[in-house]
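Written below as structure tokens is the structure these notes are about.
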Amino acid sequence: MEENMSVKCSGMPAEKKMVAFTAAINTCGAHGPFNIDTTVIFNSVITNIGEAYNQSTGIFVAPVAGVYYFIFFYHAGGEHASRLSLYKNGNLMVESSDHKTNADGADNGGNAVLLQLNKGDQVYVRLAANYHIWATSAITTFSGFLVSPM
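Here the sequence shown stands for residues 474 to 623, where the numbers follow the working numbering.
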């Protein structure tokens, strides 16, 4: 039995790199609107296994090639429009938005995506120009993790 186990596992890597993060915005209040599209800096790190998320820049840099899962959630006041977009190396991957309305006091949104990344690829969330989100540590978050190295 042990012999079969070693044969089945012989093709597996000896050590699997763990990469996972969750960060939130901790500025207490509205974030935006700004005159230009702005990379959101999720400055309150909850988890950062592998240290791939930079809380000073808001950018995740893939430490190894692989398939990664990313997700973001936001909260915004309904009296302002909201739009967040997730980018990979400057290219739009997914986004989430909500229009302005006086009848709706608050909005929540988010999106998720599986991405194949090479080592060094960058992933980040941007707030569109003239839009806003609510920025407290428990409401607007950005997370990602390595599903499978390649």
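Ideal Cβ placement from N, Cα and C applies to all residues, glycine included. The model shown is predicted, which means the values in this text are computed figures rather than measured ones.
On the CB-based measure, 16 or more other CB atoms within 10 Å of its CB, does Val540 come out buried or exposed? Taking the first residue of the sequence shown as position 1, residue 540 is located at position 67. Counting Cβ neighbours within 10 Å, Val540 comes out exposed, since fewer than 16 surround it.
Is it buried or exposed for Phe507, if we count other Cβ within 10 angstroms and need 16 for buried? Within the sequence shown, the letter at position 34 stands for residue 507. Phe507 should be labelled exposed.
Whole runs of the beta strand (DSSP E) within the stretch 586-622, excluding any shorter than 3 residues: 595-600 and 614-622
Distance CB(Met491)-CB(Ile522) smaller than 8 Å: Reading the sequence shown from its first residue, position 18 is the one you call residue 491. Reading the sequence shown from its first residue, position 49 is the one you call residue 522. In this structure, Ile522 lies closer than 8 Å to Met491 by Cβ.
For Asn584, the three-state DSSP class (helix, strand or coil): Taking the first residue of the sequence shown as position 1, residue 584 is located at position 111. Here Asn584 sits in strand by DSSP.
DSSP state of His504 mapped onto helix, strand, coil: Residue numbering aside, residue 504 sits at position 31 when the sequence shown is read from its first letter. In this structure, His504 counts as strand in the three-state DSSP scheme.
Can Ser517 and Ala496 be called in contact, C-beta distance under 8 Å? Position 44 of the sequence shown holds residue 517. Position 23 of the sequence shown holds residue 496. Against a cut-off of 8 Å, the Cβ pair of Ala496 and Ser517 comes out as a contact.
Please say whether Ala549 and Ser558 have beta carbons closer to each other than 8 Å? Position 85 of the sequence shown, counted from the start, is the residue given in the question as residue 558. Position 76 of the sequence shown, counted from the start, is the residue given in the question as residue 549. Not in contact: Ser558 and Ala549 (Cβ atoms no closer than 8 Å).
Do you know offhand how far Ala611's Cα is from Arg599's? Counted from its first residue, the sequence shown places residue 611 at position 138. Counted from its first residue, the sequence shown places residue 599 at position 126. So the alpha carbons of these two residues sit roughly 19 Å apart.
Count the other CB atoms, across all protein chains shown, that sit within 10 Å of the CB of Lys592; report buried if there are 16 or more and exposed otherwise. Position 119 of the sequence shown, counted from the first residue, corresponds to residue 592. By the 10 Å Cβ count, Lys592 comes out exposed.
Between which two residues does the beta strand (DSSP E) holding Gly550 run? Against the sequence shown, residue 550 aligns to sequence position 77. Where Gly550 is concerned, the enclosing beta strand (DSSP E) stretches over Gly539 to Gly550.
Put Ile514 into one of helix, strand or coil per three-state DSSP. Mapped onto the sequence shown, residue 514 falls at position 41. In this structure, Ile514 counts as coil in the three-state DSSP scheme.
Sequence-distant residues of the same chain with beta carbon closer than 6 Å to Ile544, five excluded per side: In the sequence shown, counting from the first residue as 1, residue 544 sits at position 71. Around Ile544: Ala585 and Ser616.
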